[in-house]
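Each residue of the sequence shown is one higher than the last, beginning at 1 in the UniProt record's numbering.
Single-structure report; data block below.
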Amino acid sequence: MQALQANGLCRLQKSASPLASRWNWPCIRRAAANLPARRWASDDAPTAPSAKPFYVTTPIFYVNAAPHIGHLYTTVLSDVIKRWEQLKGNEAYLCTGTDEHGMKIQRAAAKEGIPPKEFCDGNSTKFRELAQMANISNDFFIRTTDQDHKDAVAQFWLQLKYSLAEGLGLYKGTHEGWYCVSDECFYPEDMVQPSIVPQTGKKIMINTESENEVEWVKEETWFFPLTKYRDALLKFYDENPDWIKPEHRMKEVRDWVENHLEDLSITRPHSRLSWGIPDPEDSNQTIYVWVDALINYITKAGYGSKWQVGSKDTGIWPADVQVIGKDILRFHAIYWPALLLAVGLQPAKKLICHNHWTMSNRKMSKSLGNVVNPVFAIQRWDIDPLRYFLMRNGSFSKDMSYSNDTIAGIYVKELQANIGNLFYRIAKPKANTRWSLQNAVKAFHGGSLGTVAERCKNGTEEAKYMSLEPHLDAITSRYVTEMDDFNMSNAIREVFELLRETNRFVTDTEPWKIAKLEGDEAQELLNWVVYSCGEALRISAILLQPIMPAKTARLLDELGVQPSRRTLEWAHKNKDDSYGTETAMAGDVVARTHKWDTIFPPTASAEMTDQEVLQLLKTELASKTRNKMNQMVELLALEARLGDEGVSKLIADAKVKTGTS
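Have a look at this one:
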């Protein structure tokens, strides 16, 4: 991201007579008192003196309806990004909140017969409570009805009106065109077409982008000369070709700027829209809801209260990452940077634009009754498994399918079997197995396992004891690469592969058999196997903390990992020499962990979606164990040996043999 130099013409000119006469307005007066640049800091956490903290934002969510699974996904994704930065040792802040002004809110409140503010209070609380239920570590929860935000919007508005060079600031005129209340924006003529409401047969006009209804309006308004910023926007895109992820979204944005750009109407007559922030100088005009909403990102970054345009230190702004859905790309990739460039502020460093969720590959719709309630989803699956699923199956390139069957399969296979069952086999084995993870860690770091690697170099049979080493060596660097590129799904798969290989390693080396052998060499080999598995669990738990903070905290606690040794620098093989769990020896009475007390307990409806696979491979798996969880582990081991394609071929062959294809 190239640093943007604030244009001198875009700075606030205090000597300009129109603005100078308004310094007694409350917001501007308070801003003036804070003009000397100073380090930004919040009351909750001091700012690091050496570098700007990392700042990530979610969109602020419109409160005309209750939260849905898309809101939860966006917020979790932003939270994972923030927590990842903290895992790397960086100071990070997260802002989320609710968008509470506009025609949709005004109409929705009128329909319910209550004042707009009362309507917003109730629905905003639902979003705040959802963030708490989802274990979102947000530092700010902004409401556009907050006074500090209203003050920031008013100050920004006056800067747009008075501080810009002639022809680049606001101007008044009459606007007529197709307006969409649902999207809160105008659409050009070439993006509007006739349609029919299926339920009623009513003929309406819709926009081709969101397919929502539009209506023709004509009104007096203030305009922002967006067309004058075409070249500045294109230059910014040229200088920052990777600004938007995924890459193809940048092409959409450039096409809009090059072919559809129009000056932006940024007020609405108060007679038509009363629920919003008024023009600070003309109560007959209400500021456009999107201008109001976009400014929230700098409100909580300290704009207007801790710093102003022209300050040397702009606190945590610019945002390092702004997470948005594909339906609001234009507002964040065109309108927002243009407004910021106009006043001399740097746009966000990165936009992440994700796709939408469907229900079992069908578009979610209230009329179809398939809208996923995130509160119910959390209650059903628990928040960390749901966070894991959302990050594992999230996509920036295509719409994503929410399916309870899919979640159930992932939960059983990847969380219960691949992580949970592995942990209990290695860290808390039955008493008659006679091994201890704590002793294995001490043995390795005490140097008593030094001869194992040498002994295992020769012969195919002995080499299996070293087969986990390449995976332990590679996991952290691969995971970092994916997370730094915001590929959470790929990062999760890297950890899954390590743990699947670890389950295969356990199946191949059979430590329960080694434990029955006598002699120092057998004890060394046993400790080597147990230690290698313990390292896979420890490293995986550290890496997965941003995705499943509560479950990994418990896993690391039970592994005995010190809280100070849970950052990224410790997520490397042989780094930690003081963790481990002691296990009772043979003859001691050991209370078996009840399945409902495990890290990933059974869920009410988590039926095994791999049932067909297990049935088809019954001969292969049942000969080793009748326990369903252990059969799933055997399946994981089989996948690790043969690869996904190899198992798929085995399944296909089995289908042919059994006549089920």
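The beta carbon of each residue, even a glycine, is placed where N, CA and C say it ideally should be.
These numbers were taken from a predicted model, which means no experiment stands behind them.
{"query": "With a cut-off of 8 Å, do at least 3 Cβ pairs link the stretch 380-394 to the stretch 92-100?", "result": "no"}
{"query": "For His175, list the residues DSSP reports as bridge partners.", "result": "Glu219"}
{"query": "Would you decide whether His354 is buried or exposed? Buried here means 16 or more other CB atoms lie within 10 Å of its CB.", "result": "buried"}
{"query": "Ends of the beta strand (DSSP E) at Thr57?", "result": "Phe54 to Thr57"}
{"query": "Would the stretch 227-246 and the stretch 339-357 be scored as touching if the rule is three or more Cβ pairs under 8 Å?", "result": "yes"}
{"query": "By how many angstroms is the C-alpha of Ile81 removed from the C-alpha of Val291?", "result": "26 Å"}
{"query": "Are the CB atoms of Phe236 and Gly173 nearer to each other than 7 Å?", "result": "no"}
{"query": "If I follow the unbroken alpha helix (DSSP H) through Thr451, where does it start and stop?", "result": "Gly450 to Arg455"}
{"query": "Using the Cα positions of Pro194 and Ala571, report the straight-line distance between them to the nearest angstrom.", "result": "58 Å"}
{"query": "Helix, strand or coil: how does DSSP classify Arg478 here?", "result": "helix"}
{"query": "Please classify Asp99: does DSSP put it in a helix, a strand, or coil?", "result": "strand"}
{"query": "Exposed or buried, Glu262, counting other C-beta atoms within 10 Å across all chains shown (16 or more means buried)?", "result": "exposed"}
{"query": "Could you tell me which residues DSSP pairs with Lys203 in its beta bridges?", "result": "Ile196"}
{"query": "Going by beta-carbon coordinates alone, are Val506 and Leu544 separated by less than 7 Å?", "result": "no"}
{"query": "The alpha helix (DSSP H) spanning Leu498 covers which residue range?", "result": "Met488 to Thr509"}
{"query": "Three Cβ pairs or more, each shorter than 8 Å: is that satisfied between the stretch 199-210 and the stretch 177-189?", "result": "yes"}
{"query": "Please determine, among Gly315, Trp357 and Val343, the residue with the shortest C-alpha to C-alpha distance to Ser395.", "result": "Trp357"}
{"query": "According to DSSP, is Ile295 part of a helix, a strand, or is it coil?", "result": "coil"}
{"query": "Does the beta carbon of Ala333 come closer than 7 Å to any beta carbon on chain D?", "result": "This model lacks chain D altogether; it includes just one protein chain."}
{"query": "By DSSP, does Gln147 sit in helix, in strand, or in coil?", "result": "helix"}
{"query": "Helix, strand or coil for Arg641? Go by DSSP, reduced to three states.", "result": "helix"}
{"query": "In or out: Gln438 buried (at least 16 other Cβ within 10 Å) or exposed?", "result": "buried"}
{"query": "Can you name the residues that DSSP bridges to Asp279?", "result": "Asp282"}
{"query": "Using CA atoms only, rank isn't needed, just tell me which of Ser403, Pro470, Tyr73 and Gly420 is closest to His594.", "result": "Gly420"}
{"query": "In the stretch 521-573, which residue ranges form an unbroken alpha helix (DSSP H) of at least 4 residues, counting only runs that do not cross its ends?", "result": "549-559"}
{"query": "From Ala550 to Leu130, what distance separates their C-alpha atoms?", "result": "16 Å"}
{"query": "Taking DSSP's pairing of strands, which residues face Asn213 in a bridge?", "result": "A small fix is needed here, since residue 213 is Glu in this sequence, not Asn. BP columns for Glu213 point to Ile206."}
{"query": "Can you round the beta-carbon distance between Met205 and Val192 to whole angstroms, since I take them to be within the 8 Å contact cut?", "result": "6 Å"}
{"query": "Is it the case that the Cβ atoms of Ala154 and Pro280 are separated by a distance below 7 Å?", "result": "yes"}
{"query": "Pairs of beta-carbons, one from the stretch 438-458 and one from the stretch 508-515, closer than 8 Å: are there three or more?", "result": "no"}
{"query": "Identify the residues that DSSP records as bridge partners of Leu386: which are they?", "result": "Leu386 is not bridged to any residue."}
{"query": "Below 7 Å between beta carbons: does that hold for Tyr402 and Ile69?", "result": "yes"}
{"query": "Among Val217, Lys202 and Asp577, whose alpha-carbon lies nearest the alpha-carbon of Pro188?", "result": "Val217"}
{"query": "Buried or exposed: which applies to His332, given that a residue is buried once 16 or more other Cβ atoms fall within 10 Å of its Cβ?", "result": "buried"}
{"query": "Could you name the residues of the same chain whose beta carbon sits closer than 6 Å to that of Asp139, not counting the 5 residues immediately before and after it, in chain order?", "result": "Tyr93 and Leu94"}
{"query": "Taking only three categories from DSSP, how would you classify His356?", "result": "coil"}
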